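Novice: Input: one structure, supplied below.
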Amino acid sequence: MIEILLAILGIYLLLGLLVAVPFAFIGAKRIDPAATGGTWGFKLLVIPGAMVFWPLLLKRWIKNEPPPMENSAHR
Amino acid sequence: MSASYKAVGWNAFKKRYDLVLALSVVGFLVAFVAVGIASYPTSQPMNLLIRATATAAWILLHFILLIGPLARIDRRWLPILYNRRHLGVTMFLVAFLHGLLSTLYYHGAGNVNPIFSIFTTDAGTTMGSFPFQAFGFIALMILFVMAATSHDFWLTNLTAPVWKTLHMLVYVAYALLTIHVAFGVLQAETHVAYVILSVLGLLLIAGAHLLAGFRQRGIDIEHEGDEREGFVAICAVDDLVENEPFGATVGGERVAVVRYDGDKVSAVSGVCQHQNGPLAEGKFVFGCLTCPWHGYQYKLDDGTSPPPFTEKIPIFQVRIEGGRVWIKKKPEGTGVPVEPACLGDSCEPEAA
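Protein sequence lines, in the order shown, are assigned to chains G and E.
One gets this note's numbering by counting positions in the first sequence from 1 and adding 149 to each.
One gets this note's numbering by counting positions in the second sequence from 1 and adding 10 to each.
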């Protein structure tokens, strides 16, 4: 059982890496204007997080969605 | 912030902070291994390095968890809080080194995948079948997600509430690591001093959080006393000290009230747009309310950050009546100009 879970985790992160690299260099600036002109250091720093949240980022990249707006009372 | 993202927004303070941090960590690791070899000449250097990285990461995690409440109890801790994210990433890197070395040392020689081995075989040093290593692995995964999302890009793209919730998982990681330590190294090292130090660390963290929470209660108590025309009385005029923000909760939300320029009083949200920092615990400098955590600033006439930054927080109407300060429960919105209330005769009457 644990072997299956770890294998799924490994595959998920591997797919994440495939998405994260192009996302860091192309996709990030499509969904967040502040990423336009981002430094190389920023792009490299984004990759590990993008490996984790790649389904969310890929969806927003495909739909060209801007950063989400918060709806809490004080936003 | 509105400017383009960089890896790190360096300034002189951050450079000094990181230099001291790096030297401290490297110095600790070198000293730990050197003292270990001197005290136990037969010990394995790799074993000592595994212990050294674990101890360094464990101490750093305690320090990280203590900074938040300490900064609320005593403002002199705020400069340490300012760059806490670098502490967190450093702690993860040291913990990762510990995990990597442990996995290679204890699980790398067999024919089972080392990661699978963590979950399926015991390292054979301590508590028989108790899977303490699995707890460490899961905690390390949590710390990885936190370190990987520490950049402001994630704050913007996950939103502050989600980001904040994600980073509160540090307490889950701490709980998992407490089990990892208790059923791991503390089973091998049976000297009572290690147990006392571990319990002391837990008590320090719990005590500091309880004390800070107790102090915060004063601000978080809803002001449900006198209410007129949608305004709530939050304090006496004399409670306001010039240029020192006053915290209150109105309509279920935190508000920061500031008396400035002698007789003006304005109120904005007490929650910073950056990381939900406590603005009422900040300072009023250069005409702006400044967050104590990372220095994000907001003008008191409309709740916006000074250019080129684009953050906005809600602003509230204020009235001064009967020697008391009244705040409108419903904010006017973000980026909306609102006249300050006035304490003296020099202000426009309708502003008060």
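We treat Cβ as the ideally placed atom computed from N, Cα and C, and that holds for glycine.
Keep in mind the model is a prediction, meaning the values are calculated, not measured.
Taking CB distances under 7 Å as the criterion, tell me whether V155(E) reaches chain G.
Specialist: yes
Novice: Run through chain E and tell me which residues come within less than 7 Å of L164(G), C-beta to C-beta.
Specialist: None at all; the shortest Cβ gap to chain E is about 16 Å.
Novice: Which one or two residues does DSSP pair with W298(E) in a beta bridge?
Specialist: For the sequence presented, residue 298(E) should be read as Cys rather than Trp. BP columns for C298(E) point to V295(E) and K309(E).
Novice: Who are the neighbours of S14(E) on chain G, taking C-beta pairs under 7 Å?
Specialist: A183, T185, G186 and G187
Novice: Buried or exposed: where does I83(E) fall if 16 or more other Cβ atoms within 10 Å of its Cβ makes it buried?
Specialist: Classified as exposed, I83(E) has fewer than 16 neighbouring CB atoms from the shown chains inside 10 Å of its CB.
Novice: How would you label R209(G), buried or exposed, when you count the other beta carbons within 10 angstroms and need 16 or more for buried?
Specialist: Burial of R209(G) is indicated by the presence of at least 16 other C-beta atoms within 10 angstroms of its C-beta.
Novice: Exposed or buried, which one is D248(E) when buried takes at least 16 other CB atoms within 10 Å?
Specialist: exposed
Novice: Is DSSP giving Y184(E) helix, strand or coil here?
Specialist: helix
Novice: Chain G partners of F126(E), CB-CB under 8 Å?
Specialist: By Cβ distance, chain G contributes I151, E152 and L155.
Novice: So what does G343(E) bridge to, in DSSP terms?
Specialist: According to DSSP, which records beta bridges pairwise, G343(E) is partnered with I325(E).
Novice: Go through its chain and collect everything with a Cβ distance to G287(E)'s Cβ below 8 Å, but skip five positions before and after it.
Specialist: Sequence-distant partners of G287(E) (beyond 5 residues in either direction) whose C-beta falls short of 8 Å from its own C-beta, in its chain, are V281, C301, P302, W303, H304 and Y306.
Novice: If we require 4 or more residues per run, which alpha helix (DSSP H) segments fall completely within the segment 112 to 173 of chain E?
Specialist: 124 to 130, 142 to 158 and 162 to 168
Novice: Listing by chain order, which chain G residues have their CB less than 8 Å from the CB of T166(E)?
Specialist: Per Cβ cutoff of 8 Å: D181, A183 and P216.
Novice: So with Cβ pairs under 7 Å, would you call L207(G) a contact of chain E?
Specialist: no
Novice: At 7 Å on the CB atoms, spell out the chain E contacts of L194(G), in chain order.
Specialist: A17 and H161
Novice: For H108(E), which residues from the same chain have a beta carbon less than 7 Å from its beta carbon, with the 5 sequence-adjacent residues on both sides left out?
Specialist: I60, T63, A64 and A67
Novice: Which residues in chain E have a C-beta closer than 7 Å to the C-beta of G198(G)? List them in chain order.
Specialist: A158, T159 and W164
Novice: Return the chain-ordered list of same chain residues with a C-beta closer than 6 Å to the C-beta of S279(E), the five sequence neighbours on each side being excluded.
Specialist: I323 and P324
Novice: By the criterion of Cβ-Cβ separation under 7 Å, what are the contact partners of V201(G) in chain E?
Specialist: V155 and A158
Novice: Whose C-alpha, out of Q54(E), L80(E), L70(E) and V260(E), is nearest the C-alpha of A216(E)?
Specialist: L80(E)
Novice: Quick check on G190(G) - is its C-beta less than 7 Å from some C-beta in chain E?
Specialist: The beta-carbon of G190(G) is placed less than 7 Å from the nearest beta-carbon of chain E.
Novice: Just how far apart, CA to CA, sit V182(E) and Y92(E)?
Specialist: 23 Å
Novice: Kindly indicate which residue of S276(E), L179(E), I206(E) and G343(E) has the alpha-carbon position closest to the one of L75(E).
Specialist: Closest option to L75(E), Cα to Cα, is L179(E).
Novice: Please say whether F193(E) and F142(E) have beta carbons closer to each other than 7 Å?
Specialist: yes
Novice: Any idea if D236(E) is buried or exposed, counting beta-carbon neighbours within 10 angstroms, 16 or more meaning buried?
Specialist: exposed
Novice: Would you check if the distance between the CB atom of A266(E) and the CB atom of P255(E) is smaller than 7 Å?
Specialist: yes
Novice: Counting only beta-carbon separations shorter than 7 Å, does T169(E) have a partner in chain G?
Specialist: yes
Novice: If you measure between the beta carbons of R90(E) and I69(E), is that distance less than 7 Å?
Specialist: Checking the sequence shown, residue 90(E) turns out to be Ile, not Arg. Not a contact, by the Cβ cut-off of 7 Å.
Novice: Do you know offhand how far P51(E)'s Cα is from Q197(E)'s?
Specialist: Between P51(E) and Q197(E), the C-alpha separation is close to 22 Å.
Novice: Kindly indicate if chain G contains any beta-carbon less than 7 Å away from that of F129(E).
Specialist: yes
Novice: Could you compute how far the alpha carbon of G272(E) sits from the alpha carbon of G332(E)?
Specialist: 19 Å
Novice: Going by the CB atoms, is the gap between F154(E) and V195(G) shorter than 7 Å?
Specialist: no
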